[in-house]
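> Before I ask anything, here is the structure I am working with.
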Amino acid sequence: MDLLSRGSMVSRHGLVLLLLLLIGCVYADSDDQVFLEINDHKMTTLSNMSNGSGRNEQICTLCEDFASQTLSYLQDHETQTAVISGLHQVCSKLFSLKHQCLTMVDYYVPLFFANVALIQPEEFCQKVNLCEMMASLRLPNRDGPCTICHNLVVEFLTKLKDPDLQLEIIEVLLKACGKVEDHVQECKKLVFHYGPLVMFELEKFLETTDICAAIHVCKASQGAAVAATLLADA
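Using the UniProt record's numbering, count along the sequence shown one by one with no gaps and you end on 234.
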């Protein structure tokens, strides 16, 4: 399934921006100062979003299950081909930034997929503190993985609409630009130009695309029904 082919041109711009920036900061060496600053900033934001909930082994196991499905999806050859093809198409629309964009895609995306192949789900959940974040969300214990996945999407959408959080996201992305060597200024221009549009289009993308079905947590028909119910109640 080619998720990049869906939505408007702005949403595709948003996906390439987010992907390239996150590649630069998430897979940096854990001893790197910029990575630590970004991670500290991110956890301050998550702390503000949460109610102080701590680690929960059941929640961590659930996180690892979701991470395993997502990593499997990213390791699929068809997914990788679709992502690279989609990013090349996006770069062709950036006019003066086309060459820099293609250079970044051709260097960082294969590196990203190579790192994905080495990641263990439990390591991923711990590194980006997803256990703690998921524990802070209002997730009914009786629900199955499909409903919980969609609950996570709805919670994320709710947080994404918070103006204070949007500003913090822009600040974190600007810091992440420091990791994109030789293209820092171009990266910052992309953040300022597309950042607000990215978040708006990302909201629409998550509202209209069944991410949980895409990563095989839900069956397509089941996921669509659950998503419609939860979004209606949000």
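Just so you know, even glycine gets a beta-carbon here, dropped at the ideal spot from N, CA and C.
Alpha carbon to alpha carbon, how far is leucine 74 from valine 172? Give it in angstroms, no decimals.
Each residue's Cα considered, the two are about 24 Å apart.
> To the nearest angstrom, report how far apart leucine 94 and cysteine 187 are at their CA atoms.
Using only the alpha carbons, I get a separation of about 12 Å.
> Residues in its own chain within less than 7 Å of histidine 183 by CB, not counting five upstream and five downstream?
If we look at histidine 183 and ignore the five residues flanking it on each side, its Cβ neighbours are Gln100 and Met104.
> Where threonine 147 and leucine 202 are concerned, what is the direct C-alpha to C-alpha distance, given to the nearest angstrom?
Answer to the nearest angstrom: the Cα atoms are 21 Å apart.
> When the Cα of alanine 117 is compared with those of Ser72, Glu78, Val217 and Ser96, which residue comes out closest?
The candidate whose alpha carbon is nearest that of alanine 117 is Ser72.
> In the DSSP assignment, find the unbroken alpha helix (DSSP H) run with histidine 193 in it and report its ends.
Histidine 193 -> alpha helix (DSSP H) spans 184 to 208.
> Sorted by chain position, which residues of the same chain lie with C-beta nearer than 8 Å to serine 68's C-beta, five sequence neighbours on each side aside?
Counting only Cβ-Cβ distances below 8 Å, and skipping sequence neighbours, we find Pro121.
> Tell me, please, whether the stretch 147 to 158 touches the stretch 204 to 214 by the rule of three or more beta-carbon pairs shorter than 8 Å.
They touch, by the three-pair rule.
> Report yes if the CB atom of valine 217 is closer than 9 Å to the CB atom of cysteine 149, and no otherwise.
Cβ distance < 9 Å, so valine 217 and cysteine 149 count as in contact.
> For glycine 180, name the three-state secondary structure that DSSP assigns.
The residue you asked about is not glycine; residue 180 is valine in the sequence shown. Of the three classes helix, strand and coil, the one that applies to valine 180 here is coil, per DSSP.
> With DSSP as the reference, label serine 72 as helix, strand or coil.
If DSSP states are grouped into helix, strand and coil, serine 72 belongs with the helices.
> Determine whether the beta carbon atoms of proline 196 and glutamine 166 lie at a separation below 9 Å.
In this structure, glutamine 166 lies closer than 9 Å to proline 196 by Cβ.
> Quick one: give me the first and last residue of the alpha helix (DSSP H) that glutamine 98 is part of.
Note that residue 98 is lysine in the sequence shown, not glutamine. Lysine 98 -> alpha helix (DSSP H) spans 98 to 116.
> For aspartate 164, name the three-state secondary structure that DSSP assigns.
The answer is helix: DSSP assigns aspartate 164 an H, G or I state.
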